[in-house]
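Visitor: Structure in structure tokens, see below.
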Amino acid sequence: LEKRIQEEIAKNLEKDQILIQHSRLAVMGEIMSAIGHQWRQPLNSLLLLIQDVRDALEFGEINESYIDRFTRESMIQIKHMSQTIHDFRKFYKP
1 LEKRIQEEIA
11 KNLEKDQILI
21 QHSRLAVMGE
31 IMSAIGHQWR
41 QPLNSLLLLI
51 QDVRDALEFG
61 EINESYIDRF
71 TRESMIQIKH
81 MSQTIHDFRK
91 FYKP
């Protein structure tokens, strides 16, 4: 009887570990989904900025003012993405 109880306890512990692991994976998936959602807009903005560089080069519009604007707008998007990671790490820190 005691052996059977020990076996059941071991099975229950194993099931608990599996549930914990599944829960962790689910939370990680939710975090990744949230980060992806938060990054979509800045990534699209960066894509448009990069595409604009090619067009500006073709039309001879690249000058110091253009480079300053490009750099400033790119840095805004990159800082937003970095802040998103920082916020999620702070929120989900164990």
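For what it's worth, full-length UniProt numbering labels the leading residue of the sequence shown as 1, then goes sequentially.
Using N, Cα and C, we set each Cβ at its ideal position, and we do this for glycine too.
Between the stretch 29-43 and the stretch 63-83, do at least 3 Cβ pairs fall closer than 8 Å?
Guide: The stretch 29-43 vs the stretch 63-83: in contact.
Visitor: Report all residues from its chain with a CB closer than 7 Å to the CB of L49; omit the five preceding and five following residues, and keep chain order.
Guide: Correct list, in chain order: F70, E73, S74.
Visitor: Rounded to whole angstroms, what's the CA-CA distance from D16 to H22? Just pull it up for me.
Guide: One C-alpha to the other measures close to 10 Å.
Visitor: Please check if any C-beta of chain D sits within less than 8 Å of the C-beta of D16.
Guide: Included in the structure is just one protein chain, with no chain D present.
Visitor: Quick one: grab the DSSP three-state call for L58.
Guide: The question names Leu, yet the displayed sequence has Glu at residue 58. Reduced to three states, the DSSP call for E58 is helix.
Visitor: I need the boundaries of the alpha helix (DSSP H) containing residue 107, first residue and last residue.
Guide: As shown, the chain starts at 1 and ends at 94. That puts residue 107 outside it, with no answer to give.
Visitor: Quick check on L46: does DSSP put it in helix, strand or coil?
Guide: If DSSP states are grouped into helix, strand and coil, L46 belongs with the helices.
Visitor: May I ask you to report which of helix, strand or coil DSSP gives N12?
Guide: Three-state DSSP puts N12 in a helix.
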